[in-house]
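Report on the structure given below.
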Amino acid sequence: MLDIPTAPPAGADYATVKRAIEFISKRYRDQPSVEAIASHVGLSPSHF
7 MLDIPTAPPA
17 GADYATVKRA
27 IEFISKRYRD
37 QPSVEAIASH
47 VGLSPSHF
């Protein structure tokens with residue numbers, strides 16, 4: 007059989023979004039870039 011990679015659990019996406027929102031909420035006055043937010047949550051800007 008083929009060894010097909012599985013996607014991360016759906017809850018992982020929600021946790022990532024929650025961390026991004028918390029980061030933005032704490033730093034909204036600094037206008038964080040997409041790159042900074044993506045880096046904080048461990049994603050590339052294009053995946054974020």
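Numbering-wise, the working numbering puts 51 at position 45 of the sequence shown, and it's gapless, one number per residue. All residues carry an ideal CB built from backbone N, CA and C; glycine is no exception.
Reduced DSSP category for H46 - H, G, I as helix; E, B as strand; rest coil: helix
So, at 6 Å on beta carbons, what are the nonlocal neighbours of T22 in its own chain, with the 5 sequence-adjacent residues on each side left out? V47
Ignore the nearest five residues each way along the sequence and tell me which others in V40's own chain have a CB closer than 8 Å to its CB. P51 and F54
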